[in-house]
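To keep things clear, I will list the structure first and then write my remarks on it.
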Amino acid sequence: MDQLADTARRLQAGLGLPDMMPLVTPSSPRRSAKPSGRTARRSDVPDGTDGPALRRVRFERNNPGKLGLLLYKSARLEARPPLVLLLHGCRQDAATFARESGWLARIERAGGILAVPEQRRENNHSQCFNWFDVDGPAGRAELASLGHIVDGLRARHDCDPDRTCVVGLSAGGAMAAALMAAAPDRIAAGAVVAGLPVGVAHSAGEALHKMVAPAASMSDAQWDSRARALAPAGYVGRWPRLSVWHGTADQVVNDENAALLVQQWCALQGLAGPPVKSASVCDGRVRYEAWSSDGADTVVERWALSGVDHAYPIGPDGRPGRWVAPTAIDATAEIAAFFALGGGQAPSDRPRAAGG
């Protein structure tokens, strides 16, 4: 019974449901209250550590999702800097996740900009992005806010459109996938860590079920249509490249969701057949697969981490924390290489097909 209760608590954390909260009320109504003075001014975000510091910035206009926003600009900012959005998971502090994941250190070396949207408790009790409501009012509003963040920063800093990317963990990972589908003209590439496919759930109850019991088998065309449903009407441009990460021992989000997300994105990219590259790295603890449309550039890749639970995999730049864990491989370094951010090389055993 204790084990069952613990599993239920873990699932509630992954979905963003408070203890004993009815599944039909996953999020709170959006409030139109006047912005507080605290969110209306720039300020350092204290986290008790040395090194690069995020800043809380004003984000009141064009913010229907009522998200907060933390920002870091490298001291060696490039002329056309890369831009990375980092979406935290449920019950994670945004600033702490940015540091623990290693993204603050990585973006400093890359000469780029790190934007960390922050979910507010008034939107979701557990401060999760409402990934299961992207075709409803809460999710649509949050996607719109994320799009405005990208537009504003690209206009202000002339960010490189080919290196405008998104990374997300868990609920943030599912939201990252949704953003890639909803704004393919804004996002060049993304990474989903311990997340789910686009359109897999349309309610809190369905989301909870699909986290532990992934969707029944669907055709490539069906997966493709679920992603395209979020895209701008009549969109015919390129789709973002995707890097998928998942631990094989994930007890919150079944890792079969990673395979389904890969299937969905390969369908969206028009890729058929087996991966063009398969490799076992890190002494067999990590399995890598890559799909390509031309045999050269990787369009979709998957990293399966043997024995890893629900967590963001970190290397030397990261720090262990809530849902952040040391593993055999540094996800941030590998994702940065996939995004072509520069600022250092990925580990030497990174598969050649992944650009290392």
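Positions in the sequence shown are counted from 1; adding 226 to them yields this note's numbering.
Glycine is no exception: its CB is placed at the ideal position from the N, C-alpha and C atoms.
Just so it is clear, the structure is predicted and the values come from calculations on it, not from any experiment.
Nonlocal neighbours in the same chain, by C-beta distance under 7 Å from residue i, ignoring five residues either side
{"i": "D270", "result": "For D270, the predicted model reports a pLDDT of 46, less than 50, meaning its position is unreliable and no value from the coordinates is stated."}
{"i": "F355", "result": "L313, Q345, E368, A397, G398, M401"}
{"i": "Q318", "result": "R548, W549"}
{"i": "G568", "result": "A336"}
Contacts around residue i, its chain only, beta-carbon distance under 8 Å, and the 5 residues preceding and following it disregarded
{"i": "L249", "result": "Confidence at L249 is low in this model, with a pLDDT of 22, below 50, so its placement is unreliable and the value that follows should be read with caution. Excluding residues within five positions, the ones whose Cβ falls inside 8 Å are L243, S429, A430, G431, L434."}
{"i": "H536", "result": "R236, G240, S396, A420, G473, D476, Q477, V478, V479, W549"}
{"i": "L303", "result": "G337, G338, I339, H383"}
{"i": "D411", "result": "P458, Y461, G463"}
In DSSP terms, what residue i is bridged to
{"i": "G547", "result": "V550"}
{"i": "I375", "result": "DSSP output for I375 lists no bridge partner at all."}
{"i": "G294", "result": "E344"}
{"i": "V525", "result": "Per DSSP, none; premise fails for V525."}
{"i": "A530", "result": "H472, R513"}
Contacting residues, own chain, Cβ-Cβ under 6 Å from residue i (five flanking each side not counted)
{"i": "R347", "result": "Q353"}
{"i": "R467", "result": "A415, V525"}
{"i": "G263", "result": "Reliability fails at G263, whose pLDDT of 31 lies under 50, so the model's placement of it is uncertain and the value that follows must be treated cautiously. So the list is empty, once near-sequence residues are dropped."}
{"i": "S518", "result": "V502, T524, V525"}
{"i": "A408", "result": "L369, L456"}
Residue range of the beta strand (DSSP E) that includes residue i
{"i": "I540", "result": "538-540"}
Limits of the alpha helix (DSSP H) - the one that residue i falls within
{"i": "N563", "result": "Asn is not the amino acid found at residue 563; the sequence shown has Ala there. It spans 557-564 - the alpha helix (DSSP H) in which A563 sits, taken as one unbroken run."}
The ligand GTP heavy atom lying under 7 Å from the CB of residue i
{"i": "C391", "result": "Of the ligands one can find in the structure shown there are none, so the ligand GTP has no counterpart to examine."}
Would you list, in sequence order, the uninterrupted beta strand (DSSP E) runs of no fewer than 3 residues that lie entirely inside the stretch 385-457? 390-395, 415-419
Please give me, in chain order, every unbroken run of the beta strand (DSSP E) with length at least 3 that falls completely inside the stretch 446-523. 467-473, 503-507, 512-518
Pairing CB atoms from the stretch 415-426 with CB atoms from the stretch 332-344, are three or more of them under 8 Å? The stretch 415-426, when compared against the stretch 332-344, does not touch it at the 8 Å Cβ threshold.
Is it a yes or a no for the stretch 315-329 touching the stretch 371-379, going by three-plus beta-carbon pairs under 8 Å? no
Completely contained alpha helix (DSSP H) runs for the stretch 305-346, where each covers 4 or more residues: If we require 4 residues or more, the alpha helix (DSSP H) runs fully inside the stretch 305-346 come out as 320-326, 329-336.
Are the stretch 528-540 and the stretch 476-489 in contact at 8 Å, needing three or more beta carbon pairs? Touching, yes.
Would the stretch 498-512 and the stretch 554-567 be scored as touching if the rule is three or more Cβ pairs under 8 Å? yes
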